[in-house]
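Q: First, the structure itself, so that you have it in front of you.
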Amino acid sequence: MSAESTEEAMTAVTEDQEDSQEETQSKTASRLEEEGDIAADYLEELLDIADIDGDIDIEVRNGRTYISIGADEESAALDSLVGRDGEVLEALQELARLSVLSATESRSRLVLDINGYRKERAGVLQQIAEDAVAKVKADGGTVALEPMSAYERKVVHDAVADLGFVSESEGEGAGRHIVVSAD
2 MSAESTEEAM
12 TAVTEDQEDS
22 QEETQSKTAS
32 RLEEEGDIAA
42 DYLEELLDIA
52 DIDGDIDIEV
62 RNGRTYISIG
72 ADEESAALDS
82 LVGRDGEVLE
92 ALQELARLSV
102 LSATESRSRL
112 VLDINGYRKE
122 RAGVLQQIAE
132 DAVAKVKADG
142 GTVALEPMSA
152 YERKVVHDAV
162 ADLGFVSESE
172 GEGAGRHIVV
182 SAD
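Our numbering puts the sequence shown at residues 2 to 184.
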């Protein structure tokens, strides 16, 4: 085989791989959009049953579907769907994920936010991570944080890593928490 024909064959293989990768990304994006539509329909029905007004937005980013429910005006009814420490929000997110599983037979990693709770909480979690890192810098050793949901732990893990430190999840169930260390 000549060098020219080898180069042509390699170019063809590379183009096939790129086409396959684009097709996979397109299928993933459309699957995520479908997840969003299914979950939004489910959540809209729940809002209707509870007679709560809210606008539902769907966004796909970073390989995940994000659904947010908000209102133009302050809504105590929507706040009640967040619950104490986001407990009701977590339950609604799981119900939305189950509706997607039921319709598509595949698990969903969608994230639900109501009235900007998760966005606001992300700022608090960033501060918690920064405070833990500062304490590790000052005292050495490790810092154990309060138990958090899986989503909140991920936010903290990412923040700690961005600050150049290490974090690990420890414990089981509702007691699962993060331990921050220098290495």
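A virtual CB, placed ideally from N, CA and C, is assigned to each residue, including glycine.
For GLY124, report the span of its beta strand (DSSP E) as first-last.
A: Translated into the one-based positions of the sequence shown, residue 124 becomes position 123. Unbroken run through GLY124 is the alpha helix (DSSP H), 118–140; no beta strand (DSSP E).
Q: Once the 5 residues before and after ALA41 are set aside, which same chain residues still bring their CB inside 8 Å of it?
A: Here residue 41 is taken as the residue at index 40 of the sequence shown, counted from 1. Result list for ALA41: ILE57, ILE59 and ILE68, in chain order.
Q: Give the C-beta separation of VAL83 and ILE115 to the nearest angstrom, bearing in mind that I take them to be a contact with Cβ-Cβ under 8 Å.
A: As a first step, residue 83 must be located in the sequence shown, where it is residue number 82. As a first step, residue 115 must be located in the sequence shown, where it is residue number 114. Indeed, because the Cβ distance is near 5 Å, the residues count as touching under 8 Å.
Q: Inspect the CB distances between the region 148–159 and the region 172–181 and report whether three or more fall short of 8 Å.
A: Counting Cβ pairs under 8 Å, three or more are found: they touch.
Q: The alpha helix (DSSP H) spanning ALA145 covers which residue range?
A: In the sequence shown, the residue the question calls residue 145 occupies position 144. Careful: ALA145 lies outside any alpha helix (DSSP H), inside the beta strand (DSSP E) at 143–145.
Q: State the CB to CB distance for the pair VAL137 and PHE166, rounded to an integer number of angstroms; the pair is presumed to be in contact (CB under 8 Å).
A: As a position in the sequence shown, residue 137 is number 136, starting the count at 1. As a position in the sequence shown, residue 166 is number 165, starting the count at 1. About 6 Å separates the two Cβ atoms, so the contact holds.
Q: Skipping 5 residues on each side, what residues in its chain have a beta carbon closer than 7 Å to that of GLU91?
A: In the sequence shown, counting from the first residue as 1, residue 91 sits at position 90. Excluding residues within five positions, the ones whose Cβ falls inside 7 Å are SER150.
Q: Considering only the beta carbon of each residue, do THR66 and LEU33 sit closer than 8 Å?
A: For the purposes of this step, residue 66 is taken as residue 65 along the sequence shown, with counting starting at 1. For the purposes of this step, residue 33 is taken as residue 32 along the sequence shown, with counting starting at 1. Closer than 8 Å, so yes.
Q: Given that a residue counts as buried once 16 or more other Cβ atoms are within 10 Å of its Cβ, and exposed if not, what is ALA130?
A: For the purposes of this step, residue 130 is taken as residue 129 along the sequence shown, with counting starting at 1. Buried.
Q: Mapping the DSSP letters down to three states, classify SER81 as helix, strand or coil.
A: By 1-based counting over the sequence shown, the position of residue 81 is 80. Correct three-state label for SER81: helix.
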